[in-house]
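J.: Heads up: the sequence shown begins at 776 in our numbering, then just goes up one per residue.
Yeah, the Cβ is synthetic: ideal placement off N, Cα and C, and Gly gets one too.
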Amino acid sequence: MKLLVILSLAAACHCSTSKHGRRFPDDFLFGTATAAYQVEGAWNKDGKGENIWDHMTHTNPTVIRDQSNGDIAADSYHNYKRDIEMMRELGLDAYRFSMSWTRILPSGMANEVNPAGIEFYNNFINEMLKYNITPLVTLYHWDMPQKLQELGGLANPLFTGWFEDYARVIFENFGDRVKMFITFNEPREICYQGYGADLKAPILNSTAVGTYLCAKNLVMAHARAYHLYDKEFRATQGGQCGITISVNWFGPVTDSAEDAVAAEIKKQGEWGLYAHPIFSSEGGFPKELSQRIAEKSAAQGYRRSRLPEFSEEEKAFIRGASDFFGVNHYTAKLISATKFKKPVPVPSFLDDMDVGEFIPDRWMSAASEWLKLAPNSLYNALTYLKEKYNNPVFYITENGWSTFKDRGLHDYDRIIYYRASMESVLKCLDDGVNLKGYMAWSLMDNFEWMQGYVERFGLYQVDFSDPARTRTPRKSAFVYKHIVKHRYVDYEYLPESMTMTIDDGH
Ligand code: NOJ
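#1: Taking the alpha carbon of N960 as the reference point, which residue from R1244, A810, S1272 has its own alpha carbon closest?
#2: So does the stretch 1125–1138 actually touch the stretch 1040–1058, counting three or more Cβ pairs closer than 8 Å?
#3: I believe N1174 touches Y1213 by the beta-carbon criterion, under 8 Å. Please report the beta-carbon distance rounded to the nearest angstrom.
#4: Runs of 3 residues minimum, wholly inside the stretch 798–846: which ones carry the beta strand (DSSP E) assignment?
#5: Report yes if the C-beta of N770 is less than 7 Å from at least one heavy atom of the ligand NOJ; otherwise report no.
#6: Considering only the beta carbon of each residue, do V912 and M862 sit closer than 8 Å?
#7: Within the continuous beta strand (DSSP E) that includes S873, where are the two ends?
#8: Under DSSP, the beta strand (DSSP E) around E1173 begins and ends at which residues?
#9: Report, in whole angstroms, the separation of the C-beta atoms of S1097 and G1017, which I expect to be a contact under 8 Å.
#10: According to DSSP, is S981 helix, strand or coil?
#11: Tell me which residue opens and which closes the alpha helix (DSSP H) that F899 is part of.
#12: From R1067 to D1030, what does the alpha carbon distance come to, in whole angstroms?
#13: Express the C-alpha separation of F805 and K1260 in angstroms, rounding to a whole number.
#14: Any idea what DSSP makes of L974, helix, strand or coil?
#15: Identify every residue that forms a DSSP beta bridge with W1024.
#16: Any heavy atom of the ligand NOJ closer than 7 Å to the CB of W1224?
#17: Going by DSSP, what residue range makes up the beta strand (DSSP E) through I957?
#18: Got a sec, what are the start and stop residues for the alpha helix (DSSP H) L1201 sits in?
#19: Under a three-way DSSP split, which group does G1076 fall into?
#20: Quick one: Cα of S851 to Cα of P1061, how far?
#21: Does the distance from the C-beta atom of I879 to that of V888 stay below 8 Å?
#22: Using a 10 Å radius around the Cβ and a threshold of 16 neighbouring Cβ atoms, would you call V1121 buried or exposed?
#23: Could you tell me whether the stretch 1146–1154 touches the stretch 1188–1201, using the rule of 3 or more Cβ pairs below 8 Å?
#24: Mind listing, in chain order, the continuous beta strand (DSSP E) runs of no fewer than 3 residues lying wholly within the stretch 1209–1265?
#25: If you draw a straight line from the alpha carbon of N992 to that of A817, how long is it in whole angstroms?
#26: Cβ atoms of M1219 and R1361: under 8 Å apart, would you say?
#27: Tell me whether I1277 sits in a helix, a strand or coil according to DSSP, three-state version.
#28: Could you name the residues of the same chain whose beta carbon sits closer than 6 Å to that of A998, not counting the 5 residues immediately before and after it, in chain order?
#29: On the three-pair Cβ rule with 8 Å, is the stretch 1102–1111 touching the stretch 1021–1028?
#30: Do you know how far the Cα of I1040 is from the Cα of P1167?
#31: How long is the line joining the alpha carbons of E864 and A1252, rounded to whole angstroms?
#32: Relative to the C-alpha of D1005, which candidate in E939, Y870, G969, F895 has its C-alpha closest?
#33: Take the Cβ of K922 as the centre, count every other Cβ of all protein chains shown within 10 Å, and call the residue buried at 16 or more, exposed below.
#34: Can you check whether the CB of S1111 is closer than 8 Å to the CB of F1133?
#35: Determine, using beta carbons only, whether M1225 and K975 come nearer to each other than 8 Å.
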């Protein structure tokens, strides 16, 4: 009831602006996104090798909230034609998905390519192209080959070569048809959550150096894949290669100068660590953050900074090495220099940033405890990035809202969230942000990492108790479809029935 009231209030405020005049350009790419481990299943079928999520969920199941895993997930490996039918129902221009490294290279190294893996992705891509749906392919969405993890994974500098070899296999096999490649999804979640903490596989919890070692090797691996594409594939394939970074908004909690500095450090730690070396004109890690880590390291008795630096040659190699900036945006926090601090390990990445975080109660909450609807957060983040990095081409490669698994199909809060995002996107376009597309997370419910199947992000609900993994559109699916089709946000629209059809042209 409360949600319905909010929904009609939102309708009252905005319909006149969006319905008439403020439209998304016809060539703006609307899509949805997923990732291999979260949807594919078939974890050991047809020659696929083990990755770190297979390994962790099988050997250490209690780290997952409902002790589940991605062994079957939404079974997209077998249901991919239905997935494409859903894309057609929604009228999508594009679909972002990731390739499973060990489905293609079972051991992680490029000496042995799995033909069944290549065939699966060929079938998938060809079926999408039949319906004019543009594939956006992520090479690495968190599913490190277990064999490479045993050699250190992203903590080993040789990783950069293993990744380049894997990228070559992808470009060679799919680059004739795939024109948009994303090397890594969310370096911060990979490096901080996986290496610097125990919040994602491989739960290394190396708080002092894990995040930073990974950051350097990841950025370097990205640059190697980019240059490989640029030198050996771009001329014949004519596509693009970029990276996706999670950019949530961190504003100062007060107008004080200290809080402004704290919010800036937080931005540098959360995303600047990965974006600055690639997108800034000076290159390398962000200055203030590097300085702070160096000072803390010295005070803590380390012989050198816990943050490894780049050589001048490496800086030059990495700077500018991306055709676009993929942004995953979800939420915001307000940052304080002195207040709201929680105990953190010392030394650690969190202690290095040393800021407090505040979330106002009035921001609507999703099922995920970190996810709030913060006013204008997408707009704030993108306009900040535009100024900071000289307005590169942007794609929003993820944005979405979670509900609990028993919520069902009437997801009014998700509708409110998506409409708010659309308003931000329109404002960004008005302000000249070079934004070319938007991918909603997610096409369907899937394995939400440590939260298992408790939190659901899908426009389509998936019945995980049904062996067929039946997919059913939620209300938000109809609303998103309406936006994609008409290219504006109609606040009065809600579906009359819940029957989904494929419209003409798709
Ligand atoms: C970003 C990640 O890329 C995706 O895998 C995850 O499911 C969503 N955030 C929601 O948490």
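T.: Taking the structure as given:
#1: For the purposes of this step, residue 960 is taken as residue 185 along the sequence shown, with counting starting at 1. Nearest of R1244, A810, S1272 to N960, Cα basis: A810.
#2: A contact is defined here as three or more CB-CB pairs under 8 Å, and the stretch 1125–1138 meets this definition with respect to the stretch 1040–1058.
#3: Numbered from 1 along the sequence shown, position 399 holds the residue referred to as residue 1174. Numbered from 1 along the sequence shown, position 438 holds the residue referred to as residue 1213. About 7 Å separates the two Cβ atoms, so the contact holds.
#4: Within the stretch 798–846, the complete beta strand (DSSP E) runs of at least 3 residues are 804–808.
#5: This structure leaves residue 770 out entirely; the chain is present only between 776 and 1281.
#6: Residue numbering aside, residue 912 sits at position 137 when the sequence shown is read from its first letter. Residue numbering aside, residue 862 sits at position 87 when the sequence shown is read from its first letter. The answer is no: Cβ separation not under 8 Å.
#7: Taking the first residue of the sequence shown as position 1, residue 873 is located at position 98. Membership of S873 in the beta strand (DSSP E) is indicated by the continuous run 869–873.
#8: As a first step, residue 1173 must be located in the sequence shown, where it is residue number 398. Here the beta strand (DSSP E) through E1173 covers 1169–1173.
#9: Position 322 of the sequence shown, counted from the start, is the residue given in the question as residue 1097. Position 242 of the sequence shown, counted from the start, is the residue given in the question as residue 1017. Between S1097 and G1017, the beta carbon gap of about 5 Å places them in contact (Cβ cut-off 8 Å).
#10: As a position in the sequence shown, residue 981 is number 206, starting the count at 1. Residue state, collapsed to three classes: coil.
#11: Residue 899 sits at position 124 when you count from the first residue of the sequence shown. Run containing F899: 890–905, per the alpha helix (DSSP H) assignment.
#12: Mapped onto the sequence shown, residue 1067 falls at position 292. Mapped onto the sequence shown, residue 1030 falls at position 255. Roughly 23 Å separates the two Cα atoms.
#13: By 1-based counting over the sequence shown, the position of residue 1260 is 485. By 1-based counting over the sequence shown, the position of residue 805 is 30. So the two alpha carbons sit approximately 10 Å from each other.
#14: In the sequence shown, residue 974 corresponds to position 199, counting from 1. Three-state result, L974: coil.
#15: Within the sequence shown, numbered from 1, the residue matching residue 1024 stands at position 249. Answer is A1107, bridged to W1024.
#16: The residue labelled residue 1224 in the question sits at position 449 within the sequence shown. Relative to the ligand NOJ, the beta carbon of W1224 is positioned inside 7 Å of a heavy atom.
#17: Within the sequence shown, residue 957 is the residue found at index 182, counting from 1. Its beta strand (DSSP E) spans residues 955–960.
#18: Numbered from 1 along the sequence shown, position 426 holds the residue referred to as residue 1201. That run of the alpha helix (DSSP H) goes 1187–1205.
#19: Against the sequence shown, residue 1076 aligns to sequence position 301. Residue state for G1076 is assigned as coil, using DSSP reduced to three classes.
#20: Counted from its first residue, the sequence shown places residue 851 at position 76. Counted from its first residue, the sequence shown places residue 1061 at position 286. So the two alpha carbons sit approximately 40 Å from each other.
#21: The residue given as residue 879 occupies position 104 in the sequence shown. The residue given as residue 888 occupies position 113 in the sequence shown. Against a cut-off of 8 Å, the Cβ pair of V888 and I879 comes out as a contact.
#22: Working through the sequence shown from its first residue, we reach residue 1121 at position 346. Around the beta carbon of V1121, fewer than 16 other beta carbons lie within 10 angstroms, which makes this residue exposed.
#23: Segment contact: the stretch 1146–1154 against the stretch 1188–1201, three or more CB-CB distances shorter than 8 Å; contact assigned.
#24: With a minimum length of 3 residues, the continuous beta strand (DSSP E) runs that stay inside the stretch 1209–1265 are 1210–1216, 1235–1237, 1246–1248.
#25: On the sequence shown, residue 992 is found 217 positions in, with the first residue counted as 1. On the sequence shown, residue 817 is found 42 positions in, with the first residue counted as 1. In this model, N992 and A817 are separated by some 30 Å (Cα to Cα).
#26: Outside the shown range of the chain (776 to 1281) lies residue 1361, about which nothing can therefore be said.
#27: Working through the sequence shown from its first residue, we reach residue 1277 at position 502. In the three-state DSSP reduction, I1277 falls in the coil class, being neither helix nor strand.
#28: In the sequence shown, the residue the question calls residue 998 occupies position 223. Scanning its chain for C-beta atoms nearer than 6 Å, with the 5 sequence neighbours on each side dropped, one finds around A998 the residues F1092, I1093, A1096, in chain order.
#29: The stretch 1102–1111 is in contact with the stretch 1021–1028.
#30: As a first step, residue 1167 is located in the sequence shown; it is residue number 392 there, counting from the start. As a first step, residue 1040 is located in the sequence shown; it is residue number 265 there, counting from the start. Near 22 Å, if we compare the C-alpha coordinates of I1040 and P1167.
#31: Within the sequence shown, numbered from 1, the residue matching residue 864 stands at position 89. Within the sequence shown, numbered from 1, the residue matching residue 1252 stands at position 477. E864 and A1252 have their C-alpha atoms roughly 9 Å apart.
#32: Along the sequence shown, read from residue 1 onward, the residue named residue 1005 stands at position 230. Restricting attention to E939, Y870, G969, F895, the CA atom closest to the CA of D1005 is found in E939.
#33: Residue 922 sits at position 147 when you count from the first residue of the sequence shown. With 16 or more Cβ atoms within 10 Å of its Cβ, K922 is classed as buried.
#34: Residue mapping note: residue 1133 aligns to position 358 of the sequence shown, counting from 1. Residue mapping note: residue 1111 aligns to position 336 of the sequence shown, counting from 1. Yes, these two residues count as a Cβ contact at 8 Å.
#35: Along the sequence shown, one-based indexing puts residue 1225 at 450. Along the sequence shown, one-based indexing puts residue 975 at 200. Yes. Within cutoff.
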